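Residue numbers (the working numbering): 218 to 1183.
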């Protein structure tokens, strides 16, 4: 199971080069993976039909009882057959649907196949968290597929709308999943269904949130708006996502949870009322539309409402009817969408008001649509008829609420029959007053996939009893009635058949009165849900602008005051109400006099920042507070923290220096005495509240400190350094996540500061004569007025060059001492950074500190010789180091799967003749990734804030000197 899902994603990653080489024919190759999944599912038919299941699991987060658990039972097998079978046929259909040279076709192919893999994972998931992950993957890939033609505004808007609606529902569903798992004590779906938690307010709330996600995914009213607009996507997307796969996810989830939670009080009212309303509203809207895809889209909305009603009833016969209707709907709706694409390709339009006589020109296409449409209208002897009969029988023998649902289902079936006739008439009939539409020839390969699905509708109608074993295995999860219903094409004359006949007659009447029905529908139409959605977004944007304008006034001091005020309000409320200091141990001012002295000096440096007007002085004083904090770590016995703090503070100070080159020397904001008197108390109160909160938190400890256990665990790994071991072993997940955040933040910040292509490194120093700065004036040479030098004696000794680009600097900006020191210490500092990396298991250090030290060495080269010197010291692209470091850490984490868990440390010990005992562990490799990432981030910042600023200064200086010369 896991291999099949992974194969989808791996082949999807190869889709772009395959399509580039093979063109649309690559879709046939991509279809092999869903076809393999279909074959595997068919091989498991007997096991699932007997009530068995095939399971697979892998521990993901054992501490939180989260596993990558997959399980194939009867319901999952049905969904796999649809997702894989229809998916393979849709991919084959794409071979003829798309033409050579279609833009971004490789990305489309990869997204479509990846969606199939995500859908496969969704229906096989046996863990709530895993199900949610695949659920959101289908949302993301559907967004990419709907917005494939991103140059069209309608596609972009529809994709964003689908993403917004389904993601909001998915987030609510996640909260519900967490509540259910917490209440039941397990996140395994099979265990949850076998032993559901007792009904309570928590369970009811969780079910409400889960249903919110399911209803939004399956486009149930009031969330129906996104599905019709998603018809902007290419036809293969509509046929797969919106007929056989994605929109079935919500119905699948309802059907999956119904055996355990159908008795929850809000379950039936929500599903039956909203499902019934969706069935009627969707069917009625389909009667007045002229676009064939929109007719099918609103018909899909109506059918999804019907499926929701059946899945939500919560008894055995209704569950059986829901399962067979899921099958029937996929088999008749997917070919109708595919036929619509064929008509659009052949005739150049899908507007039923402009089509005429297409059925005569394309008889095989019309025949395929006729069979699928007849199944959708539930005409015998097709599968749709058998499914509708099962649904009517299940509702007929239910309680009073079920019979009300039966009345709605009958009316909805009449609407289904009416819009089916409208679709077939509009697509293929010859219309009075219209000339026959010229069409292109349709080959058998293009028609094959929809024809095969239509044949399945015809074959499984008389053979519907073949599905009794598989679908009955799912229905057996509900209590069995006295006379359980069995699937069969013919159950004799009865009430269900009479209701079907009434629906056919009603649909025929509505079709014959189509013009008055369209006029009536438009006259009584409510505002469209799309318009309501648009107005809602517009109102939300306006409110956001008002709130933003009120708080975001361009003053950093106002922002800080707002944050501190909110912090103080919350903290003071908690402190005053709970009085957590009662019984707390009194705080100590310090452990030694050195701590007190350093603290006073640090506070003095902070207070000296207040009256200073020069930006550079404030930066230096603020840096002193950071160095003071590092000294506190030293005297407190935390050398690792002190080393890290020293390095971070030094890098921050240098970055500030680079930034301040482009800012005014003095602060521009003038602070009145009144505002100053308001800020000082706020700052003092905030510091007092934070100090009190820290004291209360520290005094609230009731358990033994974890230090002893961590020391013992570290020693058990054969190393001594506790802090480094925590970072790269015990809390490696945190370190990996923080590394990713650091990389993204660095890339984002530098790109926002200077919008530029990140595709090249800093150019090296050009080779030129020394009379004029090499390559022309640079940023650090424009302070000098170049004077024409006299002739130089031939016997003059050559000047010693300590830095490769030292000649690019103006004489008054050069410091020979600085250049010499930078050159002499550069390589030793790099060696020191590597030492700090490798010694981290037993001495203070680590990849983060090592990367910062190496970055400081690079910054020293830049400060001594300018941007050309930086290019000589680090000729590569910083992004390469950042990406390589993140990749290395991730790969090392994956290697932990050898021992059964991601990021599990692996060690190897041996004895070498020269080196003696050698201890090698994956934590060192993990830390090496952190080292490279931090070094890349520092270089990227220096390049953006240093070299990039240099180029700006050079350009401005050239413009100034050029203007003066003119």
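For each residue, glycine too, the CB sits at the ideal point set by N, CA and C. Quick caveat, the model's predicted, so the values are computed rather than measured.
Identity of the residues DSSP links to residue i by a beta bridge
i	result
residue 883	831
residue 1133	1129
residue 1158	Paired residue(s): none; residue 1158 is not in a bridge.
residue 272	288
residue 405	344
residue 416	Paired residue(s): none; residue 416 is not in a bridge.
residue 1144	Bridge partners of residue 1144: none, in fact.
residue 568	508
Other residues of its chain near residue i: CB distance less than 6 angstroms, five sequence neighbours each side excluded
i	result
residue 989	Note that residue 989 has pLDDT 41, beneath the 50 cutoff, so the model's placement of it is unreliable and the number below is only indicative. For residue 989, where only same-chain residues beyond five positions count, there are no Cβ hits under 6 angstroms.
residue 338	222 and 351
residue 1176	none
residue 1157	963, 967 and 1095
Exposure label - residue i; buried when at least 16 CB within 10 Å
i	result
residue 435	buried
residue 258	buried
residue 871	buried
residue 576	buried
residue 1128	exposed
residue 496	buried
residue 806	exposed
residue 365	buried
residue 758	exposed
residue 534	buried
residue 1036	buried
residue 1006	Because residue 1006 carries a pLDDT of 38, less than 50, the predicted location of this residue cannot be relied on, and the following value inherits that uncertainty. Residue 1006 should be labelled exposed.
residue 459	buried
residue 543	buried
Pairwise C-alpha distance: residue j and residue i
i	j	result
residue 554	residue 724	21 angstroms
residue 1155	residue 1069	7 angstroms
residue 378	residue 443	6 angstroms
residue 471	residue 927	46 angstroms
residue 833	residue 882	7 angstroms
residue 822	residue 796	33 angstroms
residue 1053	residue 858	14 angstroms
residue 486	residue 949	47 angstroms
residue 831	residue 402	60 angstroms
residue 867	residue 965	22 angstroms
residue 780	residue 911	18 angstroms
residue 1133	residue 1126	11 angstroms
residue 551	residue 303	8 angstroms
residue 294	residue 688	10 angstroms
residue 1063	residue 1099	17 angstroms
residue 583	residue 272	44 angstroms
residue 721	residue 636	11 angstroms
residue 893	residue 756	38 angstroms
residue 566	residue 320	21 angstroms
Span of the alpha helix (DSSP H) around residue i
i	result
residue 575	575 to 578
residue 864	856 to 877
residue 1085	1084 to 1090
residue 605	600 to 613
residue 469	465 to 478
residue 481	Segment: none, residue 481 is in no alpha helix (DSSP H) and carries neither H nor E.
residue 702	Residue 702 -> no alpha helix (DSSP H), and no H or E assigned at all.
residue 1036	1033 to 1055
residue 543	533 to 564
residue 674	661 to 677
Contact set for residue i: own chain, Cβ-Cβ below 7 angstroms, skip 5 residues either direction
i	result
residue 1004	Unreliable positioning characterises residue 1004 in this predicted model, as indicated by a pLDDT of 36, which lies under 50. The coordinate reading is nonetheless provided below. Answer for residue 1004: no residue qualifies.
residue 511	445 and 448
residue 405	286, 343 and 344
residue 568	507 and 508
residue 845	815, 818, 819 and 822
residue 549	589, 592, 593, 601 and 674
residue 564	572, 575, 654 and 656
residue 323	232, 233, 236 and 237
residue 306	666, 669 and 670
Other residues of its chain near residue i: CB distance less than 8 angstroms, five sequence neighbours each side excluded
i	result
residue 369	449
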